[in-house]
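Sequential numbering from -19 applies to the sequence shown in this note's numbering.
Just so it is clear, CB atoms sit at the ideal spot from N, CA and C, and this is done for glycine as well.
Have a look at the structure below before the remarks.
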Amino acid sequence: MIRNAQQLVVAEDDSMPAASADKAADGHIAPSPRVSMQAFCETVETAAAVQAAGEDRRLAKAHVKIQMGGATAAVEAYRSSPTPNVILIEAEHSSDNILARLDQLAEVCDAGTRVIVVGHANDVRLYRELTRRGVSDYLIAPIGTIDVVRSVCGLFSAPDAKPVGRIVAVVGAKGGVGASTVAHNIAWAIARDLSLNSVVVDLDLAFGTAGLDYNQDPPQGIADAVFSPDRVDTAFVDRLLSKCTDQLSLLAAPATLDRVYDFGAEAFDSILDSLRSSIPCIVLDVPHLWSGWTKRLLVSADDILVVAGPDLANLRNAKNMFDLLRAARPNDHRPYYCLNQVGVPKRPEITPADFAKALEDQPLAIIPFEPQIFGTAANNGQMIAEVSSSHKTAEMFRQLAQALTGRTEAKRSRGGLLTPLLAKLMKRGA
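Here's what the structure looks like:
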């Protein structure tokens, strides 16, 4: 019936449902390519889960259409029209009825179409029979949004393929808060301390500082790719990368004003797709501006770190960004944030407690105002860990790298390394 079916995954204990209604995104799910999907549901609960999945960032490129009627409606719909890349069918009936309907669907289904069945019976024998018929996946109702996202995306990820790269976006809540410095040091820690092949993408094409911070002056960079979209593939992008260390590369910004850098919302999609296919971790240094493409990059990233300074404008901007990103990414981990340049002498500051209350989350790190070490690193084209690997700020960047790559539990500022610093800052502000 369906060609090239993939192996299904069922619960080891057949008394337990394989589907989960948990909305939290557990594990890394590779985004779906541009495919068409049509769902034929029998219950409003399943239709709602599919509708929510179609709005998830990982299915942003997929075209999802939903209608009621189950397998019967699917058979009628495709008698005179071609089938999409993916068909999802909900079946409330008995096993024999499900199989009979699928046999009817096989008669009108195009070769290469993948079929996902949502059933209400936790029946291993039914699962095996569906597998024999070439069904790509079997989900047990009730299903959640992430169940649908994982199932659809999994259809287009070969079992033996390398994991798709993880994208970490770092952005400032306000200009001048040091978001680029934080991004570059985090990428350095990911490559050096976590031994993870990484690339930094400097997206501030006019004024980017990644080349200066890494002491690099590459002749080519991201501008060559974004202005030549027809040439973009993995090999072309690889040639544009500048090697910073054995495991860290840079896709540099030209940092020149000889042209205007106006882009459409999807301008960087092909570049990031090429990087994802070969590099485990991509750190985006996103400039502080609001446009279609910056919003798209943030919404589609796997993890987001907002860097804020301890003042009222940063608090307002961070709150606005958090509200928008949480609404746009309901099935993802909420954005992280860190406070930077905290503790400037004689400067009134918004306290970390006020940020935590407004953003409903603790900061991932509180980076103190350290002009000596940061100034030395910037002027020498070095990272903080290169200037002093034992410095407490270098350890903060290591912790941030671990949290943003999922290598450890995120360490909040209420405990561990940051507790003494927070106590000093609170005492100073008193």
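Considering only the beta carbon of each residue, do V148 and D282 sit closer than 8 Å?
Here residue 148 is taken as the residue at index 168 of the sequence shown, counted from 1. Here residue 282 is taken as the residue at index 302 of the sequence shown, counted from 1. The answer is yes: Cβ separation under 8 Å.
Once you ignore the five residues that flank N165 on each side, which residues in its own chain have a CB closer than 6 Å to its CB?
Numbered from its first residue, the sequence shown carries residue 165 at position 185. These residues qualify, in order along the chain: M363, I364, F377.
Tell me P290's beta-bridge partners as DSSP assigns them.
Within the sequence shown, numbered from 1, the residue matching residue 290 stands at position 310. Looking at the DSSP assignment, P290 forms no beta bridge with any residue, so it has no partner.
Please list, in chain order, all residues of the same chain as V30 whose beta carbon is under 8 Å from its beta carbon, the five residues on each side excluded.
Translated into the one-based positions of the sequence shown, residue 30 becomes position 50. Hits under 8 Å: A19, C21, V44, I46, L68, V128.
L106 in three-state terms, based on DSSP:
Mapped onto the sequence shown, residue 106 falls at position 126. Three-state result, L106: helix.
From this set, S250, Y241, S254, which residue's C-alpha is nearest S271's C-alpha?
Taking the first residue of the sequence shown as position 1, residue 271 is located at position 291. Of the candidates S250, Y241, S254, the one whose C-alpha sits nearest the C-alpha of S271 is Y241.
Report, in whole angstroms, the separation of the C-beta atoms of R81 and A91, which I expect to be a contact under 8 Å.
By 1-based counting over the sequence shown, the position of residue 81 is 101. By 1-based counting over the sequence shown, the position of residue 91 is 111. Contact doesn't hold; Cβ gap of about 19 Å is too wide.
S369 to L228, Cα distance in whole Å?
Within the sequence shown, residue 369 is the residue found at index 389, counting from 1. Within the sequence shown, residue 228 is the residue found at index 248, counting from 1. The straight-line gap from Cα to Cα measures roughly 17 Å.
Would DSSP call E35 helix, strand or coil?
Within the sequence shown, the letter at position 55 stands for residue 35. DSSP places E35 in coil when its eight states are reduced to three.
Spell out a yes or no on whether the stretch 189 to 197 and the stretch 230 to 244 are touching, meaning 3 or more CB-CB pairs, one atom from each, closer than 8 Å.
yes
Who are the near neighbours of A4 in its chain, counting only those whose CB is closer than 7 Å to its CB and skipping five residues on each side?
For this step, residue 4 is matched to residue 24 along the sequence shown. Summary for A4: the model assigns pLDDT 41, below 50, so the residue's position carries little reliability; its value from the coordinates is reported in the next sentence. Cβ neighbours of A4 beyond the five flanking positions: none.
Exposed or buried, D226, counting other C-beta atoms within 10 Å across all chains shown (16 or more means buried)?
As a working note, residue 226 is residue 246 in the sequence shown. It is exposed - the Cβ of D226 has fewer than 16 other Cβ atoms within 10 Å.
One or two residues paired with Y241 in a DSSP bridge
Counted from its first residue, the sequence shown places residue 241 at position 261. None; Y241 has no bridge partner.
With a cut-off of 8 Å, do at least 3 Cβ pairs link the stretch 345 to 352 to the stretch 103 to 111?
no
Which term fits P11, buried or exposed, when burial requires 16 or more other beta carbons within 10 angstroms of its beta carbon?
Counting from one through the sequence shown, the residue named residue 11 turns up at place 31. P11 comes out buried.
Excluding the 5 residues flanking Q196 on each side, which residues of the same chain have their C-beta closer than 7 Å to its C-beta?
Within the sequence shown, the letter at position 216 stands for residue 196. If we look at Q196 and ignore the five residues flanking it on each side, its Cβ neighbours are S222, C224, L230, A232.
Out of N77, Q84, R309, A86, point me to the one whose CA is closest to H100's CA.
For this step, residue 100 is matched to residue 120 along the sequence shown. Cα-wise, what sits closest to H100 is N77.
Who does Y316 pair with in a DSSP beta bridge?
Walking along the sequence shown from the start, residue 316 turns up at place 336. For Y316, which the question treats as bridged, DSSP gives the partners L285.
When the Cα atoms are used, what is the spatial distance from A357 to A374?
Here the question's residue 357 lines up with position 377 in the sequence shown. Here the question's residue 374 lines up with position 394 in the sequence shown. C-alpha separation (whole angstroms): 12 Å.
Between E350 and Y317, what straight-line distance do the alpha-carbon atoms span, to the nearest angstrom?
Along the sequence shown, read from residue 1 onward, the residue named residue 350 stands at position 370. Along the sequence shown, read from residue 1 onward, the residue named residue 317 stands at position 337. Cα to Cα, E350 sits roughly 19 Å from Y317.
In whole angstroms, what separates the C-alpha of P260 from that of W168?
One-based indexing of the sequence shown puts residue 260 at position 280. One-based indexing of the sequence shown puts residue 168 at position 188. Rounded to the nearest angstrom, the two C-alpha atoms are 14 Å apart.
Whose CA, out of S61, A32, V24, lies closest to the CA of A307?
Within the sequence shown, the letter at position 327 stands for residue 307. Closest by alpha carbon: A32.
Enclosing alpha helix (DSSP H) for S160 [first to last residue]
The sequence position of residue 160 within the sequence shown is 180, counting from 1. Run containing S160: 159 to 172, per the alpha helix (DSSP H) assignment.
Does DSSP put L176 in a helix, in a strand, or in coil?
On the sequence shown, position 196 is the one that residue 176 refers to. If DSSP states are grouped into helix, strand and coil, L176 belongs with coil.
Quick check for students: name the residue ranges of the beta strand (DSSP E) that lie wholly in the stretch 27 to 84, counting only runs of 3 or more.
43 to 48, 66 to 71
Helix, strand or coil: which one does DSSP assign to G152?
Against the sequence shown, residue 152 aligns to sequence position 172. The answer is strand: DSSP assigns G152 an E or B state.
What number of angstroms, rounded off, separates the C-alpha of V(-10) from the C-alpha of H73?
Start at 1 with the first residue of the sequence shown, and residue -10 comes out as number 10. Start at 1 with the first residue of the sequence shown, and residue 73 comes out as number 93. Low confidence applies here, because V(-10) scores a pLDDT of 35, under 50, leaving its location unreliable and the question unanswered by this model.
Give the single residue among T214, T274, D218 whose Cα lies nearest to the Cα of F243.
Translated into the one-based positions of the sequence shown, residue 243 becomes position 263. Comparing Cα positions, the closest option is T274.
Inter-residue spacing [alpha-carbon to alpha-carbon] between L295 and M48
Locating residue 295 in the sequence shown gives position 315, counting from the first residue. Locating residue 48 in the sequence shown gives position 68, counting from the first residue. Between L295 and M48, the C-alpha separation is close to 45 Å.
Tell me which residues share the same chain as V217 and place their Cβ nearer than 7 Å to its Cβ, disregarding the 5 neighbours each side in the sequence.
Numbered from its first residue, the sequence shown carries residue 217 at position 237. If we look at V217 and ignore the five residues flanking it on each side, its Cβ neighbours are A205, I251, S254, L255.
Residues of its chain near S175, where Cβ-Cβ distance is below 7 Å and the 5 sequence neighbours each way are ignored
In the sequence shown, counting from the first residue as 1, residue 175 sits at position 195. Here the set comprises Q227.
Buried versus exposed, by CB contacts within 10 Å (16 or more), D117:
Taking the first residue of the sequence shown as position 1, residue 117 is located at position 137. Looking at its Cβ environment, which holds 16 or more other Cβ atoms inside 10 Å, D117 is buried.
Own chain, CB closer than 6 Å to C89, minus 5 neighbours either side, in chain order
Along the sequence shown, one-based indexing puts residue 89 at 109. T63.
Contiguous beta strand (DSSP E) assignments of at least 3 residues, all confined to the stretch 224 to 271
228 to 231, 261 to 266
Per DSSP, what kind of secondary structure is F349 in: helix, strand or coil?
In the sequence shown, residue 349 corresponds to position 369, counting from 1. Coil at F349, not helix or strand.
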